[in-house]
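J.:
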Amino acid sequence: MIQLYDYVLSASCYKVRLMAALVGVKMDLEAVDFHPGRAHKSVEFAQLNPAGTLPVMVDGDMILTESTAMLVYLAKRAGPQWLGPDDAKSAAQVQQWLAFSGRLAASLGMARLHDMLLYKGDIDAWRAQGHAALRELEAALTERRFAGGEWLVGDTPSIADIACFPNAALSQDGGVSLDAYPSVRLWTRRIRALDRFIEMPGIHRLHELSPTPKVA
Amino acid sequence: MTPRWTATGLSQDLPKGVVMAGHWQGHDLAVWRSATGRLQAWNDRCPHRGMRLSHGFVRGETLACIYHGWVYGAEGGCKHIPAHPALTPPATITVTAFACVEQDGVIWVAPADMAGSPPAVSGVQPLRSVSLTCDLAAVLAVEPALLGQDILRGTVQIDGQGHDVCLLVQNNPAGLTLHALCGVRANKVAASHWVENLRRRAEMKVAA
Ligand code: FES
Chain A
1 MIQLYDYVLS ASCYKVRLMA ALVGVKMDLE AVDFHPGRAH KSVEFAQLNP
51 AGTLPVMVDG DMILTESTAM LVYLAKRAGP QWLGPDDAKS AAQVQQWLAF
101 SGRLAASLGM ARLHDMLLYK GDIDAWRAQG HAALRELEAA LTERRFAGGE
151 WLVGDTPSIA DIACFPNAAL SQDGGVSLDA YPSVRLWTRR IRALDRFIEM
201 PGIHRLHELS PTPKVA
Chain B
1001 MTPRWTATGL SQDLPKGVVM AGHWQGHDLA VWRSATGRLQ AWNDRCPHRG
1051 MRLSHGFVRG ETLACIYHGW VYGAEGGCKH IPAHPALTPP ATITVTAFAC
1101 VEQDGVIWVA PADMAGSPPA VSGVQPLRSV SLTCDLAAVL AVEPALLGQD
1151 ILRGTVQIDG QGHDVCLLVQ NNPAGLTLHA LCGVRANKVA ASHWVENLRR
1201 RAEMKVAA
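Just so you know, the sequences run in chain order A and B. Here the first sequence is numbered in this note's numbering, starting from 1 and rising by one per residue. Here the second sequence is numbered in this note's numbering, starting from 1001 and rising by one per residue.
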């Protein structure tokens, strides 16, 4: 069974858990004491991932430390339709968004770590870079909508959408509002309504799809 | 200040069952569309503890607050309090409603007692809404073809051709939002790039 070294509040870890759920792959989750224990920076953990980052995926003798690579692995194994269309342009666009998701993590993701886990750094710069990245995402999704498209690449959701989704959906945690990004908001709603969607703290399935809570 | 209609969004960005943040001249609003398509704009504060109702969610013909789940129905009246399910909420628990009208693919808001209709913007199609970090003066300075105050209109070059554009101005606490519409023959992707470029030029002018 695939093992995932995981931290529940990490956007990158959630990205992988979400992808696995969407393609129906079960993983063994190894909870790592990221905060406050900083176990991912320990000498023991460095044997697994010298970079000291989460998540880490282990399957047999394969070790992956980049979440976007994990999305490719899960999709290729269990849901190839999630890799996006096979033509050259689409394949390149998927890679473009996988790399772009790193920019979301380096801006919105860092702003969130600053606000939630008290990371030190230039919060104004992280937020400004986050807005710059959201503007690009908004422009791309808006242009897709002009042509009737609902996803970043192709006619169905792909690893490109899943890679970009968590940090965009959690942007408020870092003090970056999505109010100015209508296409991004509608796109996050579509992802939150997907079959087999799973939640994390701060990201919920569309509330209107859940039954009204009963109070005894 | 004379009350007037303010564009707060485009219809295309508010499908049935969705709530979004809006603004009318410094007032934060929750603008939402019910399952049957009924459009409403309310003060963006839950009467319970002040949570933003635009963070809530639409269920059928009601809007529920994300915090403790108080449910508000037509005209802003509280219909249900989950912690007291047997209680009929008193009529005093009501969110202030604004006038909210949809016309030409644009959502307009004004105080509830506003008379008349929003201004018509004909001959153009809704394009997209964008937020800017600069003020209106910077926009007008970099694009002199645009004329007006609340409604900027003019013929601009898109893809090497003259096209009519219309920008509806909304001043928010956080900055400026423009709701862009373009001539029906304009290519929307090219027009969207024009809007992006206008924003870049206006913001760079301020930064310079
Ligand atoms: S603040 Fe809205 S229900 Fe409590």
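Think of the CB as a built atom: it goes at the ideal place given N, C-alpha and C, for glycine as much as any other residue.
Could you tell me if the beta carbon of B/His1055 falls within a distance shorter than 6 Å of some heavy atom in ligand 1?
T.: no
J.: What is the rounded straight-line gap between the Cα of A/Asp115 and the Cα of A/Asn167?
T.: 14 Å
J.: Quick one: is the Cβ of B/Tyr1067 within less than 6 Å of any heavy atom of ligand 1?
T.: It does: the Cβ of B/Tyr1067 is within 6 Å (strictly closer) of some heavy atom of ligand 1.
J.: According to DSSP, is B/Ala1120 helix, strand or coil?
T.: coil
J.: State the beta-bridge partners of B/Thr1062 as determined by DSSP.
T.: B/Arg1059
J.: Could you tell me the alpha carbon to alpha carbon distance between A/Met200 and B/Gly1183, rounded to whole angstroms?
T.: 43 Å
J.: Going by CA-CA distance only, name the one from A/Met62, A/Thr142, A/Val23 that's closest to A/Ala75.
T.: For the residues A/Met62, A/Thr142, A/Val23, the minimum Cα distance to A/Ala75 belongs to A/Val23.
J.: For a test of your reading of the model: does the CB of B/Arg1052 fall under 6 Å from any non-hydrogen atom of ligand 1? Yes or no.
T.: False, no ligand heavy atom lies under 6 Å from that Cβ.
J.: Whole angstroms are fine: how far does the CA of B/Val1195 sit from the CA of A/Ala140?
T.: In a straight line, the C-alpha of A/Ala140 is about 13 Å away from that of B/Val1195.
J.: Any idea which residues DSSP pairs B/Leu1029 with across the strands?
T.: B/Gly1022, B/Asn1043
J.: Using the rule of at least 16 other Cβ atoms within 10 Å of the residue's Cβ for burial, across every protein chain shown, is B/Leu1053 buried or exposed?
T.: buried
J.: Measuring only from the beta carbon, is B/Cys1046 closer than 6 Å to any heavy atom that is part of ligand 1?
T.: For B/Cys1046, the shortest C-beta to heavy atom distance toward ligand 1 is below 6 Å.
J.: Straight-line CA distance for A/Gly226 to A/Gln172?
T.: Here chain A covers residues 1 to 216 and nothing more, so residue 226 of chain A does not appear.
J.: Distance check for B/Gly1116 and A/Arg103, CA to CA, integer angstroms please.
T.: 47 Å
J.: Is it true that the CB of A/His207 sits closer than 7 Å to the CB of B/Phe1210?
T.: The shown model of chain B, from 1001 to 1208, leaves out residue 1210 of chain B, and the question about it has no answer.
J.: Consider the Cβ of B/Ser1131: report whether some Cβ of chain A lies at a distance smaller than 7 Å.
T.: yes
J.: What do you get for A/Lys15, buried or exposed, if any count of 16 or more other CB atoms within 10 angstroms of its CB means buried?
T.: Buried is the call here.
J.: Would you call the CB atoms of B/Gly1022 and B/Leu1029 closer than 7 Å?
T.: yes
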